[in-house]
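Yeah, the sequence shown ends on 350 if you go by this note's numbering, and it's all consecutive.
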Amino acid sequence: MNKIIKITFVLIILSMIAFPVLAQRTGSLSGSGSSGSSTQNVNPTLTIKCNIRNAQVEIFNAYAKDTPTASGAAPFSAQLAKASYIVKVSASGYEEQQQTVNLNNSMTLNFNLDQSQPVQVGLTIQSNVRNAEVVITGGGINGQLVGSAPFTAQLAKGRYSISVSAAGFKMQTKQVNLNGTKNLSFNLEADTYNLTITSNVDDAKVFIKGGDINGQLTGNTDMTTMLPPGTYRVKVNAPQYFAEEKTVQFNGATTVDFQLRSRTGRLEVIIPNDILDYSLNNPAGRISIFDNGKEIDGTSVQLTPGQHTIRITSGAFASQQTVNVKAGESYRIELDFGFMLIKQ
Numbered sequence: 007m008n009k010i011i012k013i014t015f016v017l018i019i020l021s022m023i024a025f026p027v028l029a030q031r032t033g034s035l036s037g038s039g040s041s042g043s044s045t046q047n048v049n050p051t052l053t054i055k056c057n058i059r060n061a062q063v064e065i066f067n068a069y070a071k072d073t074p075t076a077s078g079a080a081p082f083s084a085q086l087a088k089a090s091y092i093v094k095v096s097a098s099g100y101e102e103q104q105q106t107v108n109l110n111n112s113m114t115l116n117f118n119l120d121q122s123q124p125v126q127v128g129l130t131i132q133s134n135v136r137n138a139e140v141v142i143t144g145g146g147i148n149g150q151l152v153g154s155a156p157f158t159a160q161l162a163k164g165r166y167s168i169s170v171s172a173a174g175f176k177m178q179t180k181q182v183n184l185n186g187t188k189n190l191s192f193n194l195e196a197d198t199y200n201l202t203i204t205s206n207v208d209d210a211k212v213f214i215k216g217g218d219i220n221g222q223l224t225g226n227t228d229m230t231t232m233l234p235p236g237t238y239r240v241k242v243n244a245p246q247y248f249a250e251e252k253t254v255q256f257n258g259a260t261t262v263d264f265q266l267r268s269r270t271g272r273l274e275v276i277i278p279n280d281i282l283d284y285s286l287n288n289p290a291g292r293i294s295i296f297d298n299g300k301e302i303d304g305t306s307v308q309l310t311p312g313q314h315t316i317r318i319t320s321g322a323f324a325s326q327q328t329v330n331v332k333a334g335e336s337y338r339i340e341l342d343f344g345f346m347l348i349k350q
């Protein structure tokens, strides 16, 4: 009986020793097959979202900033080791943004990029015509009148078309690639029109004063010249004629006529054909005309102002008359020949 009790006691002790060991081994096997141990070996995911699609994403380790650990286009995701990272997001025409994050668990970062302000540079426009109008096209300015010369503005870098104009002048346009402070000068040319000068005297001299013309000889009548609008003083003269001047308000094609007055009087002798004897050779050539005793050539003559004795002879016949000549006046003598029949 004592023997049986001893064996039972040994079995109980063995069971008490073996059971905890078996329980410990069973728990270890269960843990190695569980998901909890697997999760510890998977890197967290960092997701980057942005309001600008395809924005450039660069992720740098906070302690190794020279080369990105990961990069791509938003939206972008990457599995990364637990660490501190600097995330940069950029897009053309937008301000770059960055965030620093301690990545321990999967997370999502949202970036909202703002449009970048364009770099502006100075533009100065000068013109030989003060207050000439300045029109700019480019950089979001659609051919608008922006001011008058001299004009200064700050504009975004880029290509522009600049037009400057003023009344009475030809508009001038320049193209400029604005990549730094720039000064533009415009030398506007005045509009020109035809000014025509005519006269009753051929080849009379024309003098014009006004604008850039300082009263010099411009040409001879009849003549046409191109001039910008303005006020001009025009003088026309010719030998044996009184000079004449006129003020011309010129703003378009204009013709100005000058009727010069002669400094002398003009005498013309009219010889009717019916009093000539055509049985003779050159009957008109047998008539002589004298002015104050000096024979004149032809039947028309210019006479200085004053008293003149005109004598006409032909063969045995002669006739004379005194004329008081005035400048610019014309005189005519008509010859007549006949006889009167008187019954006795």
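Idealized CB from N, CA, C, for every residue including glycine.
Quiz prompt | CB of R272 within 8 Å of CB of Y247, strictly | solution = No; because the gap between Cβ atoms is not below 8 Å, this pair is not in contact.
Quiz item: Since K55 contacts T114 with CB under 8 Å, what's their CB separation in whole angstroms?
Solution: Yes, K55 and T114 are in contact; Cβ-Cβ is about 6 Å, under 8 Å.
Quiz prompt | Own chain residues within Cβ distance below 6 Å of A159, not counting five before or after | solution = L129
Quiz item: Name the DSSP beta bridge partners of R165, please?
Solution: N183
Quiz item: Are the Cβ atoms of S167 and M177 separated by less than 8 Å?
Solution: No, these two residues do not count as a Cβ contact at 8 Å.
Quiz item: Smallest Cα separation from Q123: which of S112, S306, S133, E101?
Solution: E101
Quiz item: Of all the alpha helix (DSSP H) runs that stay within the bounds of the segment 85 to 149, which reach a length of 4 or more residues?
Solution: none
Quiz item: Do you know whose CA, among R59, S77, N287, lies nearest N67's CA?
Solution: S77
Quiz item: Which ranges does the beta strand (DSSP E) cover as unbroken runs of at least 3 residues, wholly within the segment 289 to 325, from first to last along the chain?
Solution: 294 to 297, 306 to 309, 312 to 320
Exercise. Return helix, strand or coil for N330, following the three-state DSSP convention.
Key: Annotated three-state conformation of N330 is strand, per DSSP.
Self-check item: Three-way DSSP call (helix, strand, coil) for I219 in this model
Solution: strand
Quiz item: Which word fits E301, buried or exposed, when buried means at least 16 other C-beta atoms lie within 10 angstroms of its C-beta?
Solution: exposed
Exercise. Take the Cβ of K332 as the centre, count every other Cβ of all protein chains shown within 10 Å, and call the residue buried at 16 or more, exposed below.
Key: exposed
Practice problem: Sort out for me which residues DSSP pairs T261 with in a bridge. | Solution: T202
Quiz prompt | Buried/exposed call for Y69, threshold 16 Cβ in 10 Å | solution = exposed
Quiz item: How long is the line joining the alpha carbons of V240 and T202, rounded to whole angstroms?
Solution: 11 Å
Exercise. Using a threshold of 8 Å, state whether the C-beta atoms of L341 and I318 are closer than that.
Key: yes
Exercise. Run the CB neighbour count on A155, radius 10 Å, all protein chains shown included, and call it buried at 16 or more, exposed below.
Key: buried
Quiz item: Helix, strand or coil: how does DSSP classify N226 here?
Solution: In the three-state DSSP reduction, N226 falls in the strand class (E or B).
Practice problem: Indicate the three-state DSSP secondary structure (helix, strand or coil) for N67 in the structure shown. | Solution: The answer is strand: DSSP assigns N67 an E or B state.
Exercise. Please report how far the alpha carbon of M232 lies from the alpha carbon of N279, in whole angstroms.
Key: About 50 Å.
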